[in-house]
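See below for the structure under consideration.
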Amino acid sequence: MVKQYRGCSKLFGATIDEKDGTVTYGKPFSIGPVKSISKTEEDASEEVWADNMLQYDVDGGKSMTRSFEVTNLLPAIEAQLMGMDEVAIGDSGLKGYATPSVAQRPYFAIGYALHDGDPDNPVEYVWAFKGT
């Protein structure tokens, strides 16, 4: 049976932990409504032709760039993705964000959710990027 989905909804994130060669993902959380998803591939390889024949192929490597655009990115979610901790500012009731050391920053998987007509109930997550 072939899987068929109607669209993608929301950009999601999940923490990534790796211990003893085993990768585990934390509970997915919504980053925000997804406005666009794009992928760009660049190939720096070059074919060298002479006398209407391929003489050799210079492999220059490939690169891939994935981009996501969301609307309404909440400051708390942005701080979470940047590895910042929420802190209280005195007794004012205000919140601020502090940056911990680089060694404490978590890794995240970023991706989108596929749904089958109900955007609030994802059928499958597609993890497309991993990093800090």
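Residue numbers for the sequence shown follow my numbering, so the first one is 1375 and each next one is one higher.
Ideal Cβ placement from N, Cα and C applies to all residues, glycine included.
Need the endpoints of the beta strand (DSSP E) that M1472 sits in, please.
For clarity, residue 1472 is Ala in the given sequence; the question names Met instead. From DSSP, the beta strand (DSSP E) with A1472 extends over L1468 to A1472.
Say whether the stretch 1429-1449 touches the stretch 1392-1411, bearing in mind that this needs 3 or more beta-carbon pairs closer than 8 Å, one atom from each stretch.
yes
For Y1481, which option in E1392, F1386, K1384 and P1474 has the closest C-alpha, if you only look at C-alpha atoms?
E1392
Please state whether DSSP places A1453 in a helix, a strand or coil.
helix
Distance between P1402 and D1515 (C-alpha atoms, nearest Å):
Missing from the structure shown is residue 1515; the chain here goes from 1375 to 1506 and no further.
Mind checking which residues open and close the beta strand (DSSP E) that includes V1397?
T1396 to Y1399
G1470 versus I1390 - alpha carbon distance
25 Å
Go ahead and label L1385 buried or exposed: buried means 16 or more other beta carbons lie within 10 angstroms of its beta carbon, across all protein chains shown.
buried
When you compare only the Cα positions, how much space is there between Q1429 and A1472?
57 Å
Name the residue from D1431, M1438, A1424 and G1387 whose alpha carbon lies nearest to the alpha carbon of E1415.
M1438
Is the Cβ-Cβ distance between E1421 and D1433 less than 7 Å?
no
Is G1435 closer than 7 Å to A1450 when the C-beta atoms are compared?
no
At what residues does the beta strand (DSSP E) containing T1414 begin and finish?
V1408 to D1417
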